[in-house]
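Everything on this sheet refers to the single structure shown next.
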Amino acid sequence: MQIPTLTTDRLILRGYREDDAPAIAALHGDPEVIRYISPDGVPEPSLADAWDHIARHVGHWALKGYGKWAVDERATGRFVGRAGLYDPPYDWVGLELGWTFARDVWGRGYATEAGAAAMRWAFETLGANEVVSAIHPGNAASIRVAERLGERKWRDGTLNGKPALIYGITKDEWRARNART
Ligand SMILES: CC(C)(COP(=O)(O)OP(=O)(O)OC[C@H]1O[C@@H](n2cnc3c(N)ncnc32)[C@H](O)[C@@H]1OP(=O)(O)O)[C@@H](O)C(=O)NCCC(=O)NCCS
Numbered sequence: 258m259q260i261p262t263l264t265t266d267r268l269i270l271r272g273y274r275e276d277d278a279p280a281i282a283a284l285h286g287d288p289e290v291i292r293y294i295s296p297d298g299v300p301e302p303s304l305a306d307a308w309d310h311i312a313r314h315v316g317h318w319a320l321k322g323y324g325k326w327a328v329d330e331r332a333t334g335r336f337v338g339r340a341g342l343y344d345p346p347y348d349w350v351g352l353e354l355g356w357t358f359a360r361d362v363w364g365r366g367y368a369t370e371a372g373a374a375a376m377r378w379a380f381e382t383l384g385a386n387e388v389v390s391a392i393h394p395g396n397a398a399s400i401r402v403a404e405r406l407g408e409r410k411w412r413d414g415t416l417n418g419k420p421a422l423i424y425g426i427t428k429d430e431w432r433a434r435n436a437r438t
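Residue numbering for the sequence shown follows this note's numbering, starting at 258 and increasing by one per position.
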């Protein structure tokens with residue numbers, strides 16, 4: 258399927274390509290990046306695992322019609338992270354909106370910018386009624402991103418066997434918030 262491209266002020270959200278594997282491997286090889294998102298906390302810098310990751314997310318788009326985007330920085334054309342949707346039918350928390358960026362670009366507002374574009378697409382184009390974000394309780398930066406996007410804590414949960422805070426926002430809440438801004 259054709260994965261849509263979303264353009265924001267500083268970022269381009271696009272479908273994964275096979276040649277993203279080295280950048281994904283570098284992302285997953287950084288212990289700080291995977292600290293709260295890897296089930297076992299072990300860095301995974303191999304190209305083979307990076308390719309599996311790419312194939313999984315391209316497959317998610319093919320099977321479900323939505324998924325995660327690779328995110329490029331417009332100023333440099335460089336892959337800087339990913340953001341978007343994930344909702345496998347088994348053992349998952351719901352239509353999850355997530356974000357992960359390379360450490361050297363943290364703190365520039367990229368996760369918030371990409372997350373906002375993906376959230377808009379989920380509500381306006383996909384027609385979702387709500388999105389959730391499952392966040393490790395210690396992941397203060399990710400909690401802040403969720404809050405900046407208008408999500409609030411809905412419940413305590415688990416993800417991959419670890420405690421997770423389930424943040425979320427409904428379409429009506431998103432609409433009301435966007436009418437104000
Ligand atoms: C979470 C993550 C995506 C945030 O990316 P980012 O581009 O730096 O995020 P933004 O710049 O848009 O916003 C970060 C916000 O968190 C705040 N923040 C950053 N580190 C923080 C910390 N340790 N404690 C509290 N707040 C923190 C920032 O100040 C900013 O809030 P502000 O704009 O109100 O000042 C990034 O840290 C990351 O990739 N982490 C590893 C992967 C991961 O954990 N993903 C989330 C899975 S749920």
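Every residue, glycine too, gets a C-beta built ideally from N, C-alpha and C.
No experiment lies behind these values; they were computed from the predicted model shown.
query                                                                                                                                                                 : result
When the Cα atoms are used, what is the spatial distance from threonine 382 to valine 299?                                                                            : 36 Å
Tell me whether aspartate 287 sits in a helix, a strand or coil according to DSSP, three-state version.                                                               : coil
Specify the secondary structure class of isoleucine 400 as computed by DSSP and reduced to three states.                                                              : helix
Within its chain, find whatever has a CB closer than 7 Å to the CB of glycine 372; leave out the 5 residues flanking it on each side and keep chain order.            : Ala340, Leu354, Trp356, Val402 and Leu406
What separation, rounded to the nearest whole angstrom, lies between the Cα atoms of histidine 285 and aspartate 277?                                                 : 12 Å
Any idea if leucine 320 is buried or exposed, counting beta-carbon neighbours within 10 angstroms, 16 or more meaning buried?                                         : exposed
Can you tell me whether methionine 376 is buried or exposed, with buried defined as 16 or more other CB within 10 angstroms of its CB?                                : buried
Taking tryptophan 326 and leucine 263 to be in contact with their CB atoms under 8 Å, please state how far apart those CB atoms are, rounded to whole angstroms.      : 7 Å
Could you give the DSSP three-state label for threonine 262: helix, strand or coil?                                                                                   : coil
Would you decide whether serine 303 is buried or exposed? Buried here means 16 or more other CB atoms lie within 10 Å of its CB.                                      : exposed
Looking only at its chain, what residues have a beta carbon closer than 8 Å to the beta carbon of glycine 395, apart from the 5 residues adjacent to it on each side? : Tyr293
For the alpha helix (DSSP H) containing glutamate 370, name the first residue and the last one.                                                                       : 367-378
Beta-carbon separation of phenylalanine 358 and alanine 280 under 7 Å?                                                                                                : no
So, is tyrosine 343 buried or exposed, given that buried needs 16 or more other C-beta atoms within 10 angstroms?                                                     : buried
Could you check where the alpha helix (DSSP H) with glycine 316 kicks off and where it finishes?                                                                      : 304-321
If you draw a straight line from the alpha carbon of histidine 310 to that of histidine 317, how long is it in whole angstroms?                                       : 11 Å
Going by C-alpha distance, which of Lys428, Glu330, Gly338 and Gly425 is nearest alanine 307?                                                                         : Gly338
With DSSP as the reference, please indicate the residues paired to valine 388 in a beta bridge.                                                                       : Ile426
Within the continuous beta strand (DSSP E) that includes valine 350, where are the two ends?                                                                          : Unbroken run through valine 350: none, as it is neither H nor E.
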